[in-house]
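Following the numbering used here, the numbering of the sequence shown begins with 28 at its first residue and continues without gaps. No residue lacks a Cβ here, since even glycine has one placed at the ideal position from N, Cα and C. Here is the structure we will look at, set down as structure tokens.
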Amino acid sequence: PENRHALAQAVALLVQARQVAIFGIGASGILADYTARLFNRIGLPATALNRTGIGLAEQLIALQRGDVLIMMAQKSAHREGLTTLREARRLGIPVILLTNALDSRFSKDASIVIHVPRGDEKGKTPLHGTVLLCLEMIVWSVASAVPQRAVKTIKRINDFHRGLKTGRKNG
28 PENRHALAQA
38 VALLVQARQV
48 AIFGIGASGI
58 LADYTARLFN
68 RIGLPATALN
78 RTGIGLAEQL
88 IALQRGDVLI
98 MMAQKSAHRE
108 GLTTLREARR
118 LGIPVILLTN
128 ALDSRFSKDA
138 SIVIHVPRGD
148 EKGKTPLHGT
158 VLLCLEMIVW
168 SVASAVPQRA
178 VKTIKRINDF
188 HRGLKTGRKN
198 G
């Protein structure tokens, strides 16, 4: 029941967002890129926060009031995650956390926590299938909450794609 409620809250926040930023490092960074593409395809501007060091600093500059942050993080309170949380707090950006570590520092600072098991019971074998499933469920829930925006954006993308296919010159 808690997860269903958390998912509903997350979707309500995302429907109203100016932009969504998706944070993930390492393998979760690949999921952040993929999820940003999905959100963009349904008409919700999105960006991945998936670098480290100066690269992450450059990505964080794009955050603004009115955004929503989705974080994939576990127990380890790494600098990248803590810096991202500080910037979100400074800007008043709500944080949706997908985690298996319900007692982590990230969980304490998140606005909404969605429990996503990911691996063996001790968490030593990280698997990302459940995280991917949760991210896709969130994206498609947002799309179904504002279907006109999603359909309009997909039609526009298809128009661009058709133009790119027919606009090619042979030779």
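- Task: From the DSSP output, in three-state form, read off ILE57 for me.
- Result: helix
- With 16 as the cutoff for other CB atoms within 10 Å, does GLY190 come out buried or exposed? exposed
- Message: Restricting to Cα atoms, I'd like to know which of PRO121, SER168, LYS102 and TRP167 is closest to HIS142.
- Response: LYS102
- Item | ILE52 versus ALA35: straight-line alpha-carbon distance, rounded | 25 Å
- Message: Within a Cβ cutoff of 6 Å, which residues of the same chain sit near LEU83, ignoring the five residues on either side of it in sequence?
- Response: GLU107
- Query: How is LEU65 classed by DSSP in three states: helix, strand or coil?
  - Reply: Note: LEU65 maps to helix in three-state DSSP.
- Reducing DSSP to helix, strand and coil, say where HIS155 ends up. coil
- Task: Give me whichever residues DSSP pairs with ALA75 in a beta bridge.
- Result: ILE49
- Task: Could you tell me the distance, in whole angstroms, from the CA atom of ILE139 to the CA atom of LEU124?
- Result: 6 Å
- Query: At a cut of 8 Å, does the segment 156 to 173 reach the segment 65 to 74 through at least three beta carbon pairs?
  - Reply: yes
- Query: Would a C-beta distance cut-off of 8 Å place LEU76 and LEU87 closer than the cut-off?
  - Reply: yes
- Task: Ignore the nearest five residues each way along the sequence and tell me which others in GLY56's own chain have a CB closer than 8 Å to its CB.
- Result: ALA75, ASN77 and ARG78
- Message: Which residues does DSSP list as the beta-bridge partners of VAL95?
- Response: VAL47
- Where does HIS142 sit, in a helix, a strand or coil, going by DSSP? strand
- Query: Where does VAL42 sit, in a helix, a strand or coil, going by DSSP?
  - Reply: helix
- Message: Within 10 Å of its beta-carbon, does GLY198 have 16 or more other beta-carbons around it, so buried, or fewer, so exposed?
- Response: Only weak support exists for where GLY198 lies, its pLDDT of 42 falling under 50; the coordinates are left without a value.
- Message: In the DSSP assignment, the alpha helix (DSSP H) including LEU109 goes from what residue to what residue?
- Response: 106 to 118
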